[in-house]
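Student:
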Amino acid sequence: MRSNRTTSHTPRTVATAFVATLALCTLSFSVAASLNAQTYPSATDPRNNLKPGLMDAGIALKGMRLLSTAPKPAPFDSVRGLTFVNSDLAFKGNLVYQGNFAGFSIWDVSNPAKPVMVSVVPCITSQGDPSIYGNLLFVSAEGGGNRNDCAKGGVSAPADHMAGVRIYDVSNPRVPKLIKNVQTCKGSHTHTLVPSPTEMGVVYLYVSGSQGARPATELGGCKNGSDPADESNSLFRLDVIKVNVARPQDAAVVTGARIFTGLGPAPARGGRTSAARPVAGADSAEMAQLMANGPRNCHDVTSYPEMGLLAGACGSYGLLVDISNPERPRRLDAVADTNFSLWHTAVFSNDGKKVVFTDEWGGGISPNCQSMHPLEMGGNTTLAIGADKKFKQHAYFKIPTAQTAQENCVSHNGSLIPVPGRDIMVQGWYQGGVNLIDFTDNDKPFEIGYFDRGPVDVPPAGEVDAPVSRARGTIGGSWGAYWYNGYIYSSEMARGLDILELLPTEYLSENELAAAKLVMMDEFNPQAQPRITWPAAFPVVRSYLDQLVRGSGLATARTTAIAQALTAAERQSGVARRAALRELAGQVDSDAAGAKDAERVRMMASAIRDLANATK
Amino acid sequence: MVFHRDLSLICLVAVLAACATPAPRPTPAPSPASAPRPTRATTAAPTPVTAVGASPTTAPVTGASVATAEGAHHHHDMPGMAPITIPAGVLYTEADVRFMQGMIAHHAQAVHMTRLASSAGASARVLRLAQKIDLSQAGEIVLMQEWLREYEQFVPDTSSWRSMSMPGMLTTDDMAKLERARGTDFDRMFLTLMIRHHEGALTMVADLYASPRAAQEVDISVLANDVESTQTAEIGVMKLMLAELP
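Chain order of the listed sequences is V and H.
According to the working numbering, the first sequence is numbered sequentially starting from 1.
According to the working numbering, the second sequence is numbered sequentially starting from 1.
(1) Would L193(H) count as contacting chain V if we go by Cβ distances under 8 angstroms?
(2) Only counting the same chain, and skipping five residues up and downstream in sequence, which positions put a Cβ closer than 8 angstroms to that of L611(V)?
(3) Show which residues of chain H have a CB atom less than 9 angstroms away from the CB atom of L320(V).
(4) Note down, one range per segment and in chain order, each alpha helix (DSSP H) of at least 4 residues found wholly within the region 553-599 of chain V.
(5) Is the region 140-149 of chain V close to the region 185-201 of chain V, with three or more CB pairs under 8 angstroms?
(6) So does L566(V) have its beta carbon nearer than 7 angstroms to some heavy atom of the ligand ZN?
(7) Mark L111(V) as exposed unless 16 or more other C-beta atoms lie within 10 angstroms of its C-beta, in which case mark it buried.
(8) Select from the region 86-102 of chain V all residues with a C-beta closer than 7 angstroms to any C-beta belonging to chain H, and list them in chain order.
(9) Using the C-alpha atoms, what's the distance from K517(V) back to I417(V)?
(10) Could you check if I424(V) is buried or exposed, using at least 16 other CB atoms within 10 Å of its CB as the buried criterion?
(11) When the distance is taken between beta carbons, is T401(V) closer than 8 angstroms to S42(V)?
(12) Leaving out five residues on either side along the sequence, give the residues of the same chain with a beta carbon under 8 angstroms from the beta carbon of P246(H).
(13) Per DSSP, what kind of secondary structure is S250(H) in: helix, strand or coil?
(14) Does I235(H) have its Cβ less than 8 angstroms from a Cβ in chain V?
(15) Does the beta carbon of T230(H) come closer than 8 angstroms to any beta carbon on chain V?
(16) For chain V, is any of its Cβ atoms less than 8 angstroms away from the one on A33(H)?
(17) To the nearest angstrom, how far is the alpha carbon of P38(H) from that of G315(V)?
(18) Mind checking A593(V): buried by the 16 CB within 10 Å criterion, or exposed?
(19) Quick one: grab the DSSP three-state call for T338(V).
(20) Alpha carbon to alpha carbon, how far is A37(V) from L67(V)?
(21) Indicate whether A563(V) and L545(V) have their beta-carbon atoms separated by less than 8 angstroms.
(22) For A614(V), which of helix, strand or coil comes out of DSSP?
(23) Let me make sure I understand the geometry here. Which of L54(V), V96(V) and A292(V) has the alpha-carbon closest to that of E523(V)?
(24) Return the residues of the region 199-233 of chain H that lie within a Cβ-Cβ distance of less than 8 angstroms from chain V, sorted by chain order.
(25) Classify S105(V): buried if its beta carbon has 16 or more other beta carbons within 10 angstroms, exposed otherwise.
(26) Can you find a CB in chain V that lies within less than 8 angstroms of the CB of G102(H)?
(27) Quick check: the Cα distance between V253(V) and L219(V), rounded to an integer number of angstroms?
(28) Note down, in chain order, each residue of its chain lying with its Cβ closer than 8 angstroms to the Cβ of A280(V), except the 5 sequence neighbours on either side.
(29) What does S118(H) touch in chain V if you count any residue whose Cβ is under 7 angstroms from its own?
(30) If F439(V) and T382(V) are in contact, beta carbons under 8 angstroms, what's the gap, nearest whole angstrom?
(31) Would you mind working out which of D333(V), M162(V) and A405(V) sits nearest Y430(V), comparing C-alpha positions?
(32) Just to confirm, is the Cβ distance from D443(V) to A395(V) under 8 angstroms?
(33) Any C-beta of chain V sitting closer than 8 angstroms to the C-beta of P167(H)?
(34) Under a CB-based cut-off of 8 angstroms, is L143(H) close to chain V?
(35) Specify the secondary structure class of V601(V) as computed by DSSP and reduced to three states.
(36) Let's see if you can read the secondary structure: which residues bound the alpha helix (DSSP H) around R453(V)?
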């Protein structure tokens, strides 16, 4: 796979859907209740009663093994609330960039069993989410105590305050250099890369964060207004920074996209809303007041530049946005579900026809995965994206385990595992651990693997039911877990950097894992999703075959025969192999007609043909 | 179907009871219907004046300890408020401490309100919302208490709403009316009062951010952000629910 930076992008024409006549309240509670039949939580889950401990906690694993845990570097190695926690990850070549609320570190993971520290940059920057683009590292700064000069001790004079995006030159990863602090009115909770589809060397940063605007006395032009229609209002807009990589010191906010206009509060039953949503007895003034309670910014957005799309997790809404012109993002749809407290982040399926949204109920600092916490709160929801570029909500998913009161837990960040023919993601759930979710069937997302540790803190002796008397809990767990070039990297807030390797199971075959490992990226920023393509290879064909066997998608006699034909073809070479594969592709074409899973059979035929064509 | 799980409800009640009770171990988990009623005599005065109830009789042993570090600042200038000592060299301010203390009382009153819903015959929608607010805010109370305890500041308990008054909080009269209301009347009154209550929380967050050097300690800013985004969204939901009541 190529990196976003080098991928050409064709702007897509998408019908304008900014219409105020959306179907209202298309979902009801009864429908919502039928969205999912997952059993939750499981009383017998091995994750339920793990031994507590910081570095010696009990571990439960399924379908993966822990290769290494690199402890935090010394400058960040203390536990004091959120002051020194690790945050998000970015990837380039053999390097992993790990954010921390007090700076960032760069790891060389050439040997994933033994990561080597390349550099540590202390710089107070909560929450420190990083993105990499060529030689530039971008880091989000939101907290009130972040200073321009990175120092500790907080901000005394407004001129010292840094809220926005820091830009580092990391061309020498041993000596990163801070070259610019781009100030924004609302700071930057997170940011998302969108490379320009037309200008080489230009990248946009979509800046997210739901906090209010700074006073104009601190940063000129900022305004904390209540009127969404006020063009001078810093709220109700998505700030866009433009960066020319040749002149990063000139990076600046170029626009504030008003993609929230017309969104009122989320309807109580879930569904859609719009400016035209009638409320009995409300006059226009009251409606305007209601609108002020709509989303005023996103928490996080996920771009899919090759599709020209953006999934915005924006407070009380999930948004679908056309970004074919990155300076003029345009809302296509908005979906609400009041089970979701905080639409937090999103992952598209590779074909762009599905999206998983997460709900960060409790902000990540509360233990919201205990048995008393409802499944449909603080988990994921799966949605389909129709040809009309509208969302349709399908199901909920939440880790099927009862975490303790000592474990801050809620749905958090993840990315796709590149298995051809399936939609699988890996995800971090803070102290709920890391898990693998198959959402190929939008109505039935299910878990196929996990890694979890016991809580960092020991429960207060004999007072498990009395959290009121416990000492201050440690915030920890997986901030985000991502697949990158064959391994899973999980940023552990309190413990360091975990690297995991997937193992074959009944849900994930050796061939599927081998196919996933064929996908190599130069650069990866999880919130800027690249399109995955697979090279022509036997493991790709056999992935489809394994899936057809697993799901009884094709008669056993045929899958057996195809497996034998593939083995025979692989023993041959050159012209003979090519001829054998072409013949097999033709046979598989005709298998599709009578197959239960005809689409998958056709995908396999196509993969066989690609392999034949690639055979010299 | 997963919406109502008996086990979950039992756990829920048990934990909520734990949060609501200053005593460390509530052995029999009372049902929401039998949750303790407020004693009007101890309910706060209606004026929205910040008043931290740190009387010596209610202060826990770990609370209100005074740091003796050189350079510590003492504030005794506000009548009716407990003295707060801010040690030298810390990133938090008196406004941060007052925010955390006040928000505990504020949240605790909201939790009390939500626990009236089931016995008041609230509609399914209001009941569901009430449960969500309860779970959210009970969890945040624990976080705020832990923060205060770590920094050796006075830690209000979950009965503190009866003696503290913060923006948007219900008066004794408001609470008495809410406790008597049933059915749709309860729904309307609950939504109206909870909207005001949430708006008060937003005022508290805005006041915090407006205070010099406040909200720089990252735990406080994360919590304040979460309160702001969650309650802003919930206000919108409640306004729509209110408009749609029969």
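Each residue gets a CB set at the ideal place from its N, CA and C atoms; glycine is no exception.
Tutor: The short version:
(1) no
(2) A536, A537, F538, V540, V541 and L581
(3) Under the 9 angstroms cutoff, chain H gives no residues; its nearest Cβ is about 19 angstroms from L320(V).
(4) 556-571 and 574-591
(5) yes
(6) The ligand ZN is not part of the structure shown, which contains no ligands of any sort.
(7) A small fix is needed here, since residue 111(V) is Asn in this sequence, not Leu. Exposed.
(8) F101
(9) 9 angstroms
(10) buried
(11) yes
(12) T184
(13) The question about residue 250(H) has no answer, for chain H in this structure spans 1 to 246.
(14) yes
(15) yes
(16) Reliability of the predicted coordinates at A33(H) is poor, the pLDDT of 33 falling under 50, and no value is obtained from them.
(17) Low per-residue confidence applies at P38(H): pLDDT is 31, beneath 50, and the placement is therefore not dependable enough to give any value.
(18) exposed
(19) coil
(20) No answer about A37(V) holds up, because its pLDDT of 43 lies below 50 and its placement is not dependable.
(21) yes
(22) helix
(23) V96(V)
(24) A206, Y209, R213, A214, A215, Q216, E217, V218, D219, S221, V222, L223, N225, D226, E228, S229, T230, T232 and A233
(25) buried
(26) no
(27) 13 angstroms
(28) With a pLDDT of 46 at A280(V), under the threshold of 50, the modelled position of this residue cannot be trusted, and the question is left open.
(29) Within 7 angstroms Cβ-Cβ: nothing; S118(H) doesn't reach chain V, min ~15 angstroms.
(30) 5 angstroms
(31) A405(V)
(32) yes
(33) no
(34) yes
(35) helix
(36) Counting along the chain, R453(V) falls outside any alpha helix (DSSP H), though it belongs to the beta strand (DSSP E) covering F446 to R453.
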